[in-house]
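**Student:** Following the numbering used here, the numbering of the sequence shown begins with 3 at its first residue and continues without gaps.
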Amino acid sequence: MLLFVNGTIHTMDPLNPHPEALLAHNGRILDLGSLRHIQEKHPGATLVDMKGKTLLPGFNDSHLHLLGIGMRLNQIDLSSVESIEALKEKLLRHQGDGDILVGYGWNQEHFKEGRMPSSHDLDATGILKPIIIHRTCVHMLVANTLAMEKAGVFEPSGLFKESGMNPLKDLVPPPDEKALAGYILSAAKVLLSHGVTSVQSDDLFMVDTSLHQLVFDVYETLERENRLPLRVYEQTNFKQYEDYLKNIPDYRQDRTSDRRFKRGPVKILGDGSLGGRTARLKEPYSDDTGTRGLLNFSPEAVRHLFQLCDEHQLDVAVHAIGDEMLQIALEALEPLKHAACRHSIIHCQVTDTETLAALDRLKPVLHIQPGFLNGDIHMAPSRLGPKRLRTAYNYKTLENLDLVIAFGTDAPVESTNPFLGIYHAVTRKDLKGFPQDGWLPGQTLSLYDAIKHYTVDGAYASYDENKKGALKAGYYADFILVDRDPFTVAKDDLKDLRVLETFVGGQSVYPLD
């Protein structure tokens, strides 16, 4: 038995918000209350001195790509480059990294050239290897001429979007079982270092459909061998329409077990990204009136997949960034019969009066990524224009609809650090403190609610609201020790909070000494 004392405890349980001590035993929280009461009731516990630090529930990231985080650790990180010239220089420094160069994380909004990179830019490096570089949103990539020739495709700009990327992605040799396990475990280390003890992850998006069963098998093996150090609720993305039709009838969602790896909702990738202008809007983009974005499935196909999942009592989690895609998803959700299902919308960035009314009526769970504000503060005004912007990224408006809002990061699109998302949600500023008074400041959230969305609400989204998300007797002993109390630091300092130690099932899993 471990008895945590001499620190501040925030339980996120309104009935017992700040107990003096917490007792953990056999993977669960056994008791919370005064130190004297617990020691009298449970003698012999080992004292853990928190030395004045702060204990919080472990964070639950409601939407990311765990496998993708691990994969990106083995690719060329272009997220910090601020020009196309700098991008080319970084590729040159890594030109010996293998038979195919794969980079990720670039964002043209950060480039001083103010444009997308092109195949001509990549060819100009003189690197005689196929080069593929993924935009930060992972909904588009740029390839050099050698890569296009090898893939048997051609586009003058070298820019490929959504399913058009597949022939280029197929150039990268598929990972085997050992590599997949390595990606999962290396990603888990990063997440645990940021206090993330549970994730809801779309991993199948990151690999070819031929590897989907292998991904499940690797998770099952890690679970069986007690090597999976955090909890994973899979948002299962079958990717192709025909594969949904084939797999949904036999798919079984796990809503009740205590396993660390559980199969969760069926994930549907409805549209693309706002930054890449592939999110589907009702009206053309304000800065490119020739496009409204893309739909990955027709409205009829979306409705059919929702109905099929409903027939098999499966939750649907649908990626919807643009207002038209959101409307399609909500119209597909409306006639479903199984009220016990917890269907969800991932992203929900662009809303309007009509979709807000439907959200209020239908009450889906929302998976929101406040970390998007860091870049979208600068990009969204030009994409959407002033009218649409008034009802975009409206976190407080959505909260006032009494919706369950589960925060996440969409990593590797954004950092895995939840404290950055919490900072963005309560300040509405980018990481440099812009704008001084916050962007759409009426949409700021309280610190308590921001943490609740990263803990309690994330647990609800995976049917675990009676097992985790708060620190209560009988719940999993998943918690984190933080260097400072978030409720006493200045809001602008929230982004600088550090996790000192992470516990999953009562075991210290970070740092690994």
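Glycine included, every Cβ here is placed at the ideal spot set by N, Cα and C. For clarity, every value in this text was computed on a predicted model and none was experimentally measured.
Where do the N-terminal and C-terminal ends of the beta strand (DSSP E) with E236 fall, by residue?
**Tutor:** R233 to T238
**Student:** Do the segment 378-389 and the segment 332-344 meet, that is, are 3 or more Cβ pairs less than 8 Å apart?
**Tutor:** no
**Student:** Does the segment 457-473 come within contact of the segment 405-412, defined as at least 3 CB pairs closer than 8 Å?
**Tutor:** yes
**Student:** Could you give the distance in angstroms between the alpha-carbon of L247 and the alpha-carbon of N298?
**Tutor:** 16 Å
**Student:** State the DSSP-derived secondary structure class of Q202, mapped to helix, strand or coil.
**Tutor:** If DSSP states are grouped into helix, strand and coil, Q202 belongs with the strands.
**Student:** Roughly how many angstroms separate the alpha carbons of A322 and T147, rounded to a whole number?
**Tutor:** 33 Å
**Student:** Is A145 helix, strand or coil by DSSP?
**Tutor:** strand
**Student:** Within the same chain, show all residues whose beta-carbon is closer than 7 Å to that of A427, passing over the 5 residues directly before and after it, in chain order.
**Tutor:** P372, Y397, L447 and A452
**Student:** In this structure, what does DSSP give as the bridge partners for K264?
**Tutor:** Y235
**Student:** Buried or exposed: which applies to N402, given that a residue is buried once 16 or more other Cβ atoms fall within 10 Å of its Cβ?
**Tutor:** exposed
**Student:** List the whole-angstrom C-beta distance separating T457 from F61, where the pair is believed to meet the contact cut-off of C-beta under 8 Å.
**Tutor:** 6 Å
**Student:** May I ask you to report which of helix, strand or coil DSSP gives E222?
**Tutor:** DSSP, read as helix, strand or coil, puts E222 in helix.
**Student:** Count Cβ pairs between the segment 104-117 and the segment 70-88 that sit closer than 8 Å; are there 3 or more?
**Tutor:** yes
**Student:** Please work out which residues of its chain come closer than 7 Å, Cβ to Cβ, to H196, disregarding the five sequence neighbours upstream and downstream, and give them in chain order.
**Tutor:** T418, N419, P420 and V501
**Student:** Using the rule of at least 16 other Cβ atoms within 10 Å of the residue's Cβ for burial, across every protein chain shown, is F436 buried or exposed?
**Tutor:** exposed
**Student:** According to DSSP, is G1 helix, strand or coil?
**Tutor:** Residue 1 is absent from the structure shown; the chain starts at 3 and stops at 515.
**Student:** Considering only C-alpha positions, which residue in the set R262, S212, T258 and Y253 is nearest to N228?
**Tutor:** R262
**Student:** Assuming T293 and Q329 are in contact, meaning their beta carbons sit under 8 Å apart, how far apart are those beta carbons, in whole angstroms?
**Tutor:** About 18 Å; that fails the 8 Å criterion.
**Student:** Using 8 Å as the Cβ pair cut-off and three pairs as the minimum, do the segment 89-99 and the segment 126-134 touch?
**Tutor:** yes
**Student:** Cα separation between G507 and A479?
**Tutor:** 5 Å
**Student:** For the alpha helix (DSSP H) that contains H136, what are its first and last residues?
**Tutor:** Counting along the chain, H136 falls outside any alpha helix (DSSP H), though it belongs to the beta strand (DSSP E) covering I133 to R137.
**Student:** Mapping DSSP to helix, strand and coil, what is E503?
**Tutor:** strand
**Student:** So, helix, strand or coil for L69, using DSSP?
**Tutor:** helix
**Student:** What's the call for G324, buried or exposed, on a 16-neighbour Cβ count within 10 Å?
**Tutor:** Counting of Cβ neighbours within 10 angstroms places G324 among the buried residues, the total reaching 16 or more.
**Student:** Output needed for N28: all residues of its chain with C-beta closer than 8 Å, excluding positions within five of it in sequence on either side, in chain order.
**Tutor:** G508
**Student:** Would you mind reading off the limits of the beta strand (DSSP E) that contains F481?
**Tutor:** F481 to V484
**Student:** Compute the Euclidean distance between the alpha carbons of S200 and V268, then round it to the nearest angstrom.
**Tutor:** 18 Å
**Student:** Identify, in the order they occur along the chain, each residue of the same chain with its Cβ nearer than 7 Å to the Cβ of L89, setting aside the five sequence neighbours on each side.
**Tutor:** Excluding residues within five positions, the ones whose Cβ falls inside 7 Å are L80, V83, W108 and P119.
**Student:** Classify D219 as buried or exposed, calling it buried when 16 or more other Cβ atoms lie within 10 Å of its own Cβ.
**Tutor:** exposed
**Student:** Is it the case that the Cβ atoms of L49 and E164 are separated by a distance below 7 Å?
**Tutor:** no
**Student:** How about I40 and L25: do their beta carbons lie closer than 7 Å?
**Tutor:** In this structure, L25 lies closer than 7 Å to I40 by Cβ.
**Student:** With 16 other CB atoms within 10 Å as the buried threshold, where does T280 fall?
**Tutor:** It counts as buried.
**Student:** State the DSSP-derived secondary structure class of T399, mapped to helix, strand or coil.
**Tutor:** helix
**Student:** Got a sec? Which residues, its chain only, sit under 6 Å from H214 by beta carbon, not counting five neighbours each side?
**Tutor:** If we look at H214 and ignore the five residues flanking it on each side, its Cβ neighbours are L206.
**Student:** Looking at the structure shown, is V123 part of a helix, part of a strand, or coil, going by DSSP?
**Tutor:** Here the sequence assigns Asp to residue 123, which means Val is not the residue at that position. It is helical.
**Student:** Between I347 and V304, how many whole angstroms is the CB-CB distance? I'm expecting something under 8 Å.
**Tutor:** Not really, about 12 Å apart at Cβ, beyond 8 Å.
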